[in-house]
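**Q** Right, I'll just put the structure down here and ask away after.
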Amino acid sequence: MKDDITLRLDRATAEDLYATLYQVGEHIAAGAAITPPTAEEVERLGSLLQDLGHRLGRTCSPYCDHLV
Ligand SMILES: [Zn+2]
Numbered sequence: 001m002k003d004d005i006t007l008r009l010d011r012a013t014a015e016d017l018y019a020t021l022y023q024v025g026e027h028i029a030a031g032a033a034i035t036p037p038t039a040e041e042v043e044r045l046g047s048l049l050q051d052l053g054h055r056l057g058r059t060c061s062p063y064c065d066h067l068v
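Sequential numbering of the sequence shown, starting at 1, is according to our numbering.
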């Protein structure tokens, strides 16, 4: 489909994404605590969020010039 988005993740980022979604789901469903991410996880998840945002056509900051 022409509106599909493809992201390629390394294993560490995929594990971070899984853990984050799982924890958020458990938090919403049952109020479980969310473990703060490590600095490395923050770095990987931040990159993933930026990449996904760009593929959705969103700018990552007011100064973003990645979308050309
Ligand atoms: Zn950008």
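By construction, the Cβ of each residue, glycine as well, lies at the ideal position given by its N, Cα and C atoms. All of these numbers come straight from a predicted model, not from anything done at the bench.
Just mark Asp16 as buried or exposed, buried being the case when its beta carbon has 16 or more other beta carbons within 10 Å.
**A** Flag for Asp16 reads buried.
**Q** Excluding five sequence neighbours on each side, which residues of the same chain lie with their C-beta closer than 7 Å to the C-beta of Thr59?
**A** Closer than 7 Å at Cβ, skipping near neighbours: Leu67.
**Q** Please write down, chain order preserved, every residue whose beta carbon lies under 6 Å from a heavy atom of ligand 1.
**A** Result (chain order): His54, Thr59, Cys60, Cys64 and His66.
**Q** Could you check whether Thr20 and Leu94 sit closer than 9 Å to each other, using their CB atoms as the reference points?
**A** Absent from the model: residue 94. The displayed extent of the chain is 1 to 68, so no value can be given.
**Q** Please return the same chain residues whose Cβ sits closer than 8 Å to the Cβ of His27, not counting the five positions on each side in sequence.
**A** If we look at His27 and ignore the five residues flanking it on each side, its Cβ neighbours are Ala33 and Ile34.
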